[in-house]
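In the numbering used here, the protein residues as written are 1 to 334. Don't be surprised by glycine CBs; every beta carbon is placed ideally from N, CA and C. What follows is one structure encoded as structure tokens, with my remarks underneath.
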Amino acid sequence: MNDDVSYDLVSRPRRLRSTPAMRRFVAETRVDPSDLILPVFVREGLSEPQPLSSMPGVVQHSMDSLRRAAAEAVELGLGGFMIFGVPETRDAEGSAALDPDGILNRGIRAVREEVGDGVVVMADLCLDEFTDHGHCGVLDARGRVDNDRTLEIYGRMAVAQAEAGAHMLGPSGMMDGQVGVIRAALDAAGHEDVSILAYTAKYSSAFYGPFREAVDSTLTGDRKTYQMDPANRREALLELQTDLAEGADMVMVKPAMSYLDILREIADASPVPVSAYQISGEYAMIEAASANGWIDREAAIRESVLSIKRAGADSILTYYATELAGWLRRENGR
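Spelled out as structure tokens, the structure:
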């Protein structure tokens, strides 16, 4: 072997990978705490937070711990704080979703009292946590989700959440026309400044499993008649056009992991900011693999969230938001 062999290589990309400082200097994608949205669950009747077995490190909050989580979100510089409510009683119409003193609306008020405008306070706008059958809308006589009757409830729910103090509403039910009805209801009630984060491309995914524990889901069957088919790409662009025409201020792709191609297409086509949701199953898989010593937990968290940002998300809903923000602030000397 000739040790004196050399090559006249004009391009040597490795030059820009030579040191940590160099890699930071040329990084094309960066995640900032303000890019992150923390999804949280507040459960009626709790005096202490209740851990979730399928999502280690995530809890159902009491009202007091919800306030503390919101204050921490502000301290860490998170962009948003998305609240899901878990009521004690449910019925076929999801009545607790409309109650000003229902758990979700009380949670919104408590967070606004705690942090004011220090973080964007978001509310999940859907009936699945509130119905005794677990679907995202009311059912007709044949047991199917009634799209238009559900829209009327969504409009009233939107006004209740706005009056509780939400800055932004996240309609996640995938009903046709939901953004337009919600926008009209908000404007008619004088809440023109409350914005809408449309769940534009929400797919019927196998990775929602742990979320069912988080909201004590009563669902039997599936949501395939309203959530999107994982096989479809062009349909996501149709949903984007529809939501934009109805007045969406931001749009979302959910889940993130298996739909980064969809996220990229939505980001390329959207004139408004784009979010993506790193969902419960994605979180649970990282936790399970790291607990077994199969992957480096911190590296996997960072890489997974970075990949969502790289694919085009302006903001990311992730259960790792506070932990990741803490790492980012420490390494940046904040």
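Cβ shell of residue i (< 6 Å), same chain only, five flanking positions each side left out
{"i": "residue 185", "result": "155, 158 and 159"}
{"i": "residue 311", "result": "260, 263 and 264"}
{"i": "residue 320", "result": "301"}
{"i": "residue 136", "result": "126, 127, 128 and 173"}
{"i": "residue 290", "result": "297"}
{"i": "residue 230", "result": "203"}
{"i": "residue 191", "result": "162"}
{"i": "residue 273", "result": "250 and 314"}
{"i": "residue 91", "result": "132"}
Own chain residues within Cβ distance below 7 Å of residue i, not counting five before or after
{"i": "residue 88", "result": "44 and 45"}
{"i": "residue 151", "result": "175, 177, 178 and 181"}
{"i": "residue 17", "result": "23"}
{"i": "residue 149", "result": "138"}
Same chain, Cβ closer than 8 Å to residue i, neighbours up to 5 away in sequence not counted
{"i": "residue 48", "result": "62 and 65"}
{"i": "residue 34", "result": "77, 78 and 79"}
{"i": "residue 6", "result": "none"}
{"i": "residue 247", "result": "179, 180, 183 and 196"}
{"i": "residue 225", "result": "144 and 145"}
Secondary structure of residue i, DSSP reduced to three states
{"i": "residue 25", "result": "helix"}
{"i": "residue 177", "result": "coil"}
{"i": "residue 283", "result": "helix"}
{"i": "residue 251", "result": "strand"}
{"i": "residue 295", "result": "coil"}
{"i": "residue 241", "result": "helix"}
{"i": "residue 197", "result": "strand"}
{"i": "residue 202", "result": "strand"}
Exposed unless 16 or more other CB atoms sit within 10 angstroms - verdict on residue i
{"i": "residue 14", "result": "exposed"}
{"i": "residue 86", "result": "buried"}
{"i": "residue 356", "result": "With the chain represented from 1 up to 334, any question about residue 356 goes unanswered, as that position is not in the structure."}
{"i": "residue 105", "result": "buried"}
{"i": "residue 131", "result": "buried"}
{"i": "residue 11", "result": "exposed"}
{"i": "residue 238", "result": "exposed"}
Which residues DSSP lists as bridging residue i, in chain order
{"i": "residue 43", "result": "86"}
{"i": "residue 277", "result": "317"}
{"i": "residue 171", "result": "125"}
{"i": "residue 104", "result": "The partner list for residue 104 (beta bridge, DSSP) is empty, contrary to what the question assumes."}
{"i": "residue 36", "result": "316"}
(Q) Quick check on the DSSP output: what are the complete beta strand (DSSP E) runs of length 3 or more inside the region 117-169, in order along the chain? (A) 120-125
Q. Which runs of the alpha helix (DSSP H), 4 residues or longer, sit entirely within the region 52-97?
A. 63-76
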